[in-house]
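K.L.:
First the structure, which I've put down as structure tokens, then a few questions once you've had a look.
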């Protein structure tokens with residue numbers, strides 16, 4: 024009889040619980056990781072609210088790090104006991120989508136996002152890693168588990184937002200919303216060489232964090248139309264690029280409207296809970312001819328990306344850990360999850376340790 | 024007193040006429056061209072319908088070729104009598120937008136499109152060329168005026184549609200609508216290495232022309248939902264890239280819906296006459312995370328682009344002239360324009376000779 | 024005791040022979056293919072000449088197609104009996120190099136090129152396919168084995184030469200050498216939208232084939248310095264892009280010298296047999312500041328690329344089979360190989376059928 | 024009779040002097056700038072040594088800022104008295120090279136580099152600006168003349184080195200040589216998101232400055248083969264990208280050899296004084312198939328680039344002024360130039376004020 028482990032699972036829509044399940048066995052291409060630390064993600068709140076059609080009982084979580092507990096027979100180049108992180112997206116690397124470089128779309132639309140969506144997630148004492156040779160990312164000795172966990176989704180997604188924005192060195196970039204992913208997009212805009220970063224946010228602690236992470240200006244959208252404020256800040260010209268990091272119609276539309284001709288809107292917000300189709304205002308869209316681009320994407324996966332995200336933290340260029348506003352042991356995970364769902368106490372990211 | 028020339032002008036919204044105006048004098052950076060041939064564009068029909076806020080009396084036209092009649096004092100490298108074409112977009116090349124490579128957005132949104140929109144157009148016996156050093160494009164001896172005129176807008180815009188679609192060699196590309204620009208986008212998809220080109224159209228002569236210009240399949244949208252037909256043709260997978268060449272909500276939405284994850288929608292249709300904002304269906308948009316891109320653009324200008332378009336015709340790779348369904352002398356221009364407005368007699372492009 | 028199969032192997036440097044070996048068993052991620060057709064490649068001639076440090080007895084060949092004979096336990100999505108081709112490069116898809124998109128450099132420099140270089144090749148009655156899920160490429164029903172075999176190396180490499188040349192629509196492109204790979208680069212230049220293609224070659228049958236495959240001009244380097252001839256053809260301006268498809272110092276240097284400022288040299292020739300380092304003439308190199316680029320690459324692998332190459336042939340856009348100058352049954356493979364080594368009888372590519 | 028101004032000119036090869044010349048009059052597209060500050064560049068030392076075929080008496084200098092003294096009749100959007108900087112490269116923006124985006128190659132190889140090479144430079148009390156509409160770059164109020172002068176060449180060239188290196192976020196980047204341009208390339212590597220920057224240098228003050236500007240490691244090439252040291256630092260893997268900022272055979276060859284397969288060498292060093300062609304070691308070059316790229320370039324020009332460089336300094340992200348090791352009034356320019364020629368007193372950049 025297999026040993027049991029504790030998991031944080033969705034019993035049904037609207038209900039979560041710590042549940043015991045058997046510790047899984049890795050298949051030939053898989054690895055089993057014993058979790059040491061994990062971050063809670065707002066995506067899981069959406070999932071529990073019913074945003075994804077997930078079967079009852081599925082384990083939540085996709086931002087976990089740990090040590091290798093067991094390796095499948097075909098997985099070479101790693102050893103048990105090694106500290107590793109695994110990206111929220113765990114592609115097969117071999118399908119046509121992966122071969123084209125769209126690992127997040129492994130097997131089809133959003134298909135690289137497997138934890139919770141397709142299989143058990145990793146907010147659990149142990150978790151499986153598919154295509155382990157490409158997905159296991161060794162954590163450098165100089166990085167804490169906490170720092171490494173930010174590479175799993177927050178940094179990977181936020182920095183991708185900046186990469187997709189096609190920033191030229193010295194450009195003016197607007198980042199809409201400064202939750203954890205938006206804050207990482209702000210970091211990312213700096214990493215791609217933005218000359219000026221304008222963050223849009225209204226919560227004071229997030230506004231302050233945005234400045235700490237590199238924003239030059241913070242526009243408070245409760246103090247007036249953000250597009251007008253951005254136009255004022257840019258002498259009526261608008262931004263070279265914008266990043267939507269919320270997933271709401273207003274921010275999406277503003278992110279298009281504040282762009283000058285030739286600019287790029289990089290969307291990283293999840294629009295799955297929007298009540299209606301997004302709208303492209305014809306003038307903001309340049310009547311379809313303004314040389315504006317809209318790009319979208321989902322957290323890029325794979326160990327080479329993780330290696331590079333780790334490198335940015337090892338060298339001290341990036342430190343996302345100020346976003347860890349709260350810390351809990353795994354036996355408090357439900358309480359932490361509720362805080363996250365209710366955005367209580369200025370929470371940004373809660374760290375769970377095992 | 025300056026000599027007079029005949030021009031085809033918009034007297035007021037809904038009314039056109041051949042009007043005499045003084046032959047203009049070129050400024051230091053300008054050239055004066057004596058027109059030899061021109062094509063009528065549907066854009067001018069839109070303009071006369073009131074789509075653009077144009078002052079009464081403005082000369083129409085932006086697809087003209089001719090011979091240099093006079094050169095401004097600063098314009099070197101050309102001589103009077105030389106055969107030249109001028110792109111519909113006539114950028115200054117020096118403003119910030121031009122410097123970033125967005126010559127169509129010269130000075131701001133859509134600002135490179137000057138003929139008729141900002142100054143007199145070139146459906147006239149003579150016309151001025153701003154920034155002549157960069158905008159005058161010598162026509163190779165082996166090209167007819169008719170062929171050269173297609174480079175002014177149709178080929179430049181249509182091929183740009185394919186360039187923006189980021190086609191990988193062998194990709195499946197769908198082109199929505201097979202008017203003159205759409206047909207050129209079909210040509211362009213082949214020129215970027217599409218493996219399979221699916222055209223969407225319902226008029227028999229345009230469907231036949233699409234095949235002649237490289238389409239492998241032509242989907243007739245009157246025979247069933249085009250997205251479903253495209254999915255059937257691609258075993259349920261969808262297209263790698265799509266091009267919208269009409270400027271209508273239905274085609275735009277279909278062009279997004281038929282794309283597989285990671286695909287690019289290249290919009291070249293003019294959406295200025297849409298009654299309402301364009302809509303992004305959330306699933307078709309991949310919930311904002313499907314690695315889909317939407318790109319837009321307006322006819323790229325400049326003599327280097329014209330040189331390259333001419334080269335494609337000189338080598339025989341591209342021959343757009345089968346699209347010339349009708350030919351008229353300039354004194355019949357109003358009749359030709361009415362035919363274009365009413366899409367009579369299977370008209371695609373009417374050529375006007377001077 | 025396993026059944027035996029015939030293989031065409033290198034006994035030692037300078038010596039080849041048909042040798043019997045056991046039919047191999049596929050591992051969990053592998054497939055076994057029963058060969059139906061194969062092309063002989065000049066690379067194997069280099070190998071037998073000692074260019075690669077290959078252990079004695081290694082089977083030659085890397086351009087084979089066939090039917091699936093057996094599938095490893097983890098390989099899903101395929102079935103026995105299915106017609107498939109396999110690219111000469113068979114990446115793992117999961118290492119850091121593959122994750123960065125450099126499948127030809129799987130595991131390190133040139134590491135994706137496994138057949139013969141690292142394991143037995145596939146000029147044999149059966150052959151193994153590593154990482155079969157990503158490397159097995161189903162052949163469309165409308166393609167012959169012969170056509171499909173061209174996708175394994177010739178088309179993949181030649182077209183990559185054109186892709187790396189960063190051709191803008193209408194550009195002037197020079198292709199140095201019109202062997203099978205160079206001819207495919209000529210095809211590729213057309214597929215990326217070159218306006219004018221200048222091929223460099225001296226053998227009459229290859230010069231004729233170059234024209235057939237899209238070259239507008241063919242420069243015979245025995246009739247005068249090819250760079251001068253190219254400059255004459257381009258009014259002293261030079262080429263927008265060049266492709267080196269031979270692997271010799273003279274062609275490499277000429278490919279740089281004929282480029283105008285801002286141009287790209289795409290190297291696909293193998294320089295492993297050069298006697299000395301390649302040289303960059305300082306003026307041709309623009310003193311290091313001419314905005315010229317040099318790109319290199321090795322046959323890109325994977326089933327998505329094969330799918331796209333097949334699509335180009337299925338639609339009739341590309342037909343490489345006129346390059347099959349000779350045809351042999353497998354029992355004549357040694358004779359065919361000798362002809363290839365000696366470039367007898369105007370041979371370009373010999374097809375071997377099983 | 025025109026007024027006279029002082030200029031720092033090259034009397035003949037090997038000899039410089041302060042010479043009086045008439046203050047020039049701007050043509051219709053030009054502007055006249057009254058110089059307020061300038062930096063001396065090692066390029067001028069090369070020029071005086073005879074590297075460029077320059078006519079005797081030509082004024083030196085190409086890193087000057089000042090205020091507009093007069094505007095040509097066609098130059099709109101600026102006013103006399105306005106503070107401006109002008110890039111070392113002053114393109115026409117209209118020729119085919121400029122239209123392709125290669126402003127440094129205006130009119131042909133290196134043709135955008137006009138000051139001193141083609142016309143009088145701007146180490147003078149006044150200087151002319153060609154194509155002034157595109158070349159005049161207003162200096163923001165919050166920037167000193169000194170800071171703005173760094174945008175003219177040092178930052179534009181150094182950052183271009185990083186832009187051409189095609190750095191992915193988190194990559195390991197090596198920068199060879201830490202003179203002023205190399206130091207700016209180090210800054211640039213950080214601005215494009217390098218995870219780890221390895222600088223190669225041996226002079227202690229430059230090694231220290233490299234660390235200050237973002238280098239994580241500094242390899243002293245006098246302490247052992249730099250390629251071996253880089254391999255040791257990267258666990259034998261090598262760099263993702265390298266930048267050559269010296270213009271010497273050894274650094275160029277090392278920059279290629281330290282690259283892993285798939286990496287990019289970005290050359291910004293001037294190789295005009297090399298005694299012989301550069302060499303590409305065959306293994307370092309991956310036998311022509313290693314997916315390595317070599318890119319070259321010359322200081323990109325134009326006011327939009329200047330705007331973006333200024334933005335990086337206005338926001339405090341970049342501060343190049345610590346490189347100003349020495350300061351002189353214009354009447355000491357010859358002394359300053361001699362110090363630069365002899366690299367005396369740990370000089371990096373001397374600032375000349377007017």
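Protein chains in written order, with our numbering: chain P, 24 to 377; chain E, 24 to 377; chain D, 24 to 377; chain X, 24 to 377. Virtual Cβ for every residue (Gly too), placed ideally from N, Cα, C. Remember, it's a predicted structure, so these values are computed and weren't measured experimentally.
(1) May I ask whether a heavy atom of the ligand NAP can be found less than 6 Å away from the beta carbon of residue 120 of chain D?
(2) Distance check for residue 264 of chain D and residue 263 of chain E, CA to CA, integer angstroms please.
(3) Kindly indicate which residue of P:284, P:185, P:101 and P:37 has the alpha-carbon position closest to the one of residue 378 of chain P.
(4) Should residue 161 of chain E be flagged as near chain X, meaning a C-beta pair shorter than 7 Å?
(5) Just by C-beta distance, which residues in the segment 132 to 162 of chain E are closer than 7 Å to chain X?
(6) I believe residue 193 of chain D touches residue 218 of chain D by the beta-carbon criterion, under 8 Å. Please report the beta-carbon distance rounded to the nearest angstrom.
(7) Residue 327 of chain X versus chain E: which residues are under 9 Å apart at the beta carbon?
(8) Threshold first: 3 residues or longer. Then list the beta strand (DSSP E) segments lying entirely within the segment 301 to 333 of chain E, N to C.
(9) Using the C-alpha atoms, what's the distance from residue 112 of chain X back to residue 324 of chain X?
(10) Could one say the Cβ of residue 194 of chain E lies closer than 7 Å to chain P's Cβ atoms, at least one of them?
(11) Mind checking whether residue 198 of chain E and residue 208 of chain E have CB atoms under 7 Å apart?
(12) Using only alpha-carbon positions, find the residue among P:173, P:160, P:117 and P:274 that is nearest to residue 222 of chain P.
(13) Suppose contacts are defined by Cβ-Cβ distances below 7 Å. Is residue 268 of chain X in contact with residue 171 of chain X by that definition?
(14) On a CA-only basis, which of D:340, D:56, D:114 and D:127 is nearest residue 238 of chain E? Give me that one, please.
(15) By how many angstroms is the C-alpha of residue 315 of chain X removed from the C-alpha of residue 26 of chain X?
(16) Does the beta carbon of residue 47 of chain D sit closer than 7 Å to a beta carbon anywhere in chain P?
(17) State the CB to CB distance for the pair residue 243 of chain P and residue 230 of chain P, rounded to an integer number of angstroms; the pair is presumed to be in contact (CB under 8 Å).
(18) Which first and last residues belong to the beta strand (DSSP E) in which residue 351 of chain E is found?
(19) Quick one: grab the DSSP three-state call for residue 290 of chain D.
(20) Residue 261 of chain E to residue 319 of chain E, Cα distance in whole Å?
(21) Tell me whether the beta-carbon of residue 322 of chain P lies closer than 7 Å to the beta-carbon of residue 180 of chain P.
(22) If you measure between the beta carbons of residue 95 of chain D and residue 145 of chain D, is that distance less than 7 Å?
(23) Where residue 155 of chain P and residue 147 of chain D are concerned, what is the direct C-alpha to C-alpha distance, given to the nearest angstrom?
(24) Report the CB separation of residue 279 of chain D from residue 256 of chain D in whole angstroms; it is logged as a contact under 8 Å.
(25) Give the secondary structure of residue 132 of chain D by DSSP, where H, G and I count as helix, E and B as strand, and everything else as coil.
(26) Just by C-beta distance, which residues in the segment 174 to 203 of chain E are closer than 9 Å to chain D?
(27) Spell out a yes or no on whether the segment 288 to 302 of chain P and the segment 324 to 336 of chain P are touching, meaning 3 or more CB-CB pairs, one atom from each, closer than 8 Å.
(28) Answer with yes or no whether the minimum CB distance from residue 385 of chain E to chain X is below 7 Å.
(29) Output the boundary residues of the alpha helix (DSSP H) element that contains residue 274 of chain E.
(30) Can you look up residue 212 of chain E in the DSSP assignment and give me helix, strand or coil?
(31) Using a Cβ-Cβ cut-off of less than 7 Å, list which residues of the segment 89 to 115 of chain X approach chain E; keep chain order.
(32) Who are the near neighbours of residue 334 of chain P in its chain, counting only those whose CB is closer than 7 Å to its CB and skipping five residues on each side?
(33) Could you give the DSSP three-state label for residue 199 of chain P: helix, strand or coil?
(34) Name, please, each residue of chain X whose Cβ falls closer than 8 Å to the Cβ of residue 273 of chain D.
(35) Which same chain residues end up closer than 7 Å to residue 114 of chain D when comparing Cβ atoms and leaving out the 5 residues on each side of it in sequence?
(36) Among D:50, D:41, D:228 and D:151, which one has its Cα closest to the Cα of residue 367 of chain D?
P.N.:
The relevant details are as follows:
(1) No copy of the ligand NAP appears in this structure; indeed no ligand is present at all.
(2) Here residue 263 of chain E refers to the residue found at position 240 when the second chain is read from its first residue. Here residue 264 of chain D refers to the residue found at position 241 when the third chain is read from its first residue. Going from the Cα of residue 263 of chain E to the Cα of residue 264 of chain D covers about 27 Å.
(3) Nothing in the structure corresponds to residue 378 of chain P, since chain P is present only between 24 and 377.
(4) For the purposes of this step, residue 161 of chain E is taken as the residue at position 138 of the second chain. Judged by the 7 Å Cβ criterion, residue 161 of chain E is not in contact with chain X.
(5) 154, 156 and 157
(6) Residue mapping note: residue 193 of chain D aligns to position 170 of the third chain, counting from 1. Residue mapping note: residue 218 of chain D aligns to position 195 of the third chain, counting from 1. Contact flag correct, Cβ pair sits at about 4 Å.
(7) The sequence position of residue 327 of chain X within the fourth chain is 304, counting from 1. Residues of chain E passing the Cβ test: 118, 119, 120, 121, 122 and 123.
(8) 301 to 303 and 316 to 319
(9) Along the fourth chain, one-based indexing puts residue 324 of chain X at 301. Along the fourth chain, one-based indexing puts residue 112 of chain X at 89. So the alpha carbons of these two residues sit roughly 5 Å apart.
(10) Translated into positions along the second chain, residue 194 of chain E becomes position 171. With 7 Å as the cut-off, residue 194 of chain E does not count as an interface residue toward chain P.
(11) As a working note, residue 198 of chain E is residue 175 in the second chain. As a working note, residue 208 of chain E is residue 185 in the second chain. Yes, these two residues count as a Cβ contact at 7 Å.
(12) By one-based count along the first chain, residue 222 of chain P stands at place 199. Ranking P:173, P:160, P:117 and P:274 by Cα distance to residue 222 of chain P puts P:274 first.
(13) Counting from one through the fourth chain, the residue named residue 268 of chain X turns up at place 245. Counting from one through the fourth chain, the residue named residue 171 of chain X turns up at place 148. No, Cβ-Cβ distance for residue 268 of chain X and residue 171 of chain X is not below 7 Å.
(14) Counting from 1 along the second chain, the entry for residue 238 of chain E is found at position 215. Out of D:340, D:56, D:114 and D:127, D:340 has the C-alpha closest to the C-alpha of residue 238 of chain E.
(15) Here residue 26 of chain X corresponds to residue number 3 of the fourth chain, with the count starting at 1. Here residue 315 of chain X corresponds to residue number 292 of the fourth chain, with the count starting at 1. If I take the Cα positions, the gap works out to 55 Å.
(16) Taking the third chain and counting its residues from 1, the one referred to as residue 47 of chain D is at position 24. Residue-level contact by beta carbon fails for residue 47 of chain D and chain P, as no gap is shorter than 7 Å.
(17) To locate residue 243 of chain P, count along the first chain from 1; it is residue 220. To locate residue 230 of chain P, count along the first chain from 1; it is residue 207. 7 Å between Cβ atoms; contact.
(18) Taking the second chain and counting its residues from 1, one reaches residue 351 of chain E at position 328. That run of the beta strand (DSSP E) goes 347 to 352.
(19) Within the third chain, residue 290 of chain D is the residue found at index 267, counting from 1. Three-state DSSP puts residue 290 of chain D in a strand.
(20) By one-based count along the second chain, residue 261 of chain E stands at place 238. By one-based count along the second chain, residue 319 of chain E stands at place 296. When rounded, the distance between both Cα atoms is 21 Å.
(21) Here residue 322 of chain P refers to the residue found at position 299 of the first chain. Here residue 180 of chain P refers to the residue found at position 157 of the first chain. Less than 7 Å divides the Cβ of residue 322 of chain P from the Cβ of residue 180 of chain P.
(22) On the third chain, position 72 is the one that residue 95 of chain D refers to. On the third chain, position 122 is the one that residue 145 of chain D refers to. No; because the gap between Cβ atoms is not below 7 Å, this pair is not in contact.
(23) Residue 155 of chain P sits at position 132 when you count from the first residue of the first chain. Residue 147 of chain D sits at position 124 when you count from the first residue of the third chain. One C-alpha to the other measures close to 33 Å.
(24) The residue labelled residue 279 of chain D in the question sits at position 256 within the third chain. The residue labelled residue 256 of chain D in the question sits at position 233 within the third chain. Contact doesn't hold; Cβ gap of about 17 Å is too wide.
(25) Stepping through the third chain from its first residue, residue 132 of chain D is reached at position 109. In this structure, residue 132 of chain D counts as coil in the three-state DSSP scheme.
(26) Going along the segment 174 to 203 of chain E in chain order, one finds 182, 183, 185, 186, 191, 192, 193, 194 and 195 with a Cβ nearer than 9 Å to chain D.
(27) Note that the segment 288 to 302 of chain P does not touch the segment 324 to 336 of chain P; fewer than 3 beta-carbon pairs, one per stretch, sit closer than 8 Å.
(28) The requested residue 385 of chain E is not part of the displayed model; chain E covers only 24 to 377.
(29) As a first step, residue 274 of chain E is located in the second chain; it is residue number 251 there, counting from the start. Start and end: 272 to 280.
(30) Against the second chain, residue 212 of chain E aligns to sequence position 189. Assigned with DSSP and collapsed to three states, residue 212 of chain E falls in helix.
(31) Under the 7 Å Cβ criterion, the segment 89 to 115 of chain X contributes 97.
(32) Translated into positions along the first chain, residue 334 of chain P becomes position 311. The answer is none, since no qualifying residue turns up.
(33) Locating residue 199 of chain P in the first chain gives position 176, counting from the first residue. Reduced to three states, the DSSP call for residue 199 of chain P is strand.
(34) Numbered from 1 along the third chain, position 250 holds the residue referred to as residue 273 of chain D. Those do not exist, as residue 273 of chain D stays about 14 Å from chain X at its closest Cβ, beyond 8 Å.
(35) Looking up residue 114 of chain D in the third chain gives position 91. Cβ within range, chain order: 121, 126, 129, 135, 154, 324 and 325.
(36) Within the third chain, numbered from 1, the residue matching residue 367 of chain D stands at position 344. The candidate whose alpha carbon is nearest that of residue 367 of chain D is D:228.
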